[in-house]
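In our numbering, the protein residues as written are 53 to 121.
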């Protein structure tokens, strides 16, 4: 028996949080989606976001942003 189908990842050109634009979806883990994204302000290109179907979990209530330069 399988569970509900999770929502799809964000599409390219989506702006999930101010200042970030999704370029491509890289991978999906149990609770996070990882995107190739761009921020002019931070000049970085990786964004981790809580999956839409996991946002109710207290441990993952906020969008997590990490930049590698």
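Glycine included, C-beta positions come from ideal geometry on N, C-alpha and C.
Since this is a predicted model, take the numbers as computed values, not measurements.
Which of helix, strand or coil DSSP assigns to residue i
| i | result |
| --- | --- |
| residue 70 | coil |
| residue 105 | helix |
| residue 63 | coil |
| residue 97 | strand |
| residue 81 | coil |
| residue 58 | coil |
Where the beta strand (DSSP E) through residue i begins and ends
| i | result |
| --- | --- |
| residue 86 | 84-91 |
Nearest residue (CA-CA) to residue i, options the options
| i | options | result |
| --- | --- | --- |
| residue 64 | 54, 78, 57 | 78 |
| residue 76 | 100, 58, 104, 106 | 100 |
| residue 105 | 67, 90, 98, 83 | 83 |
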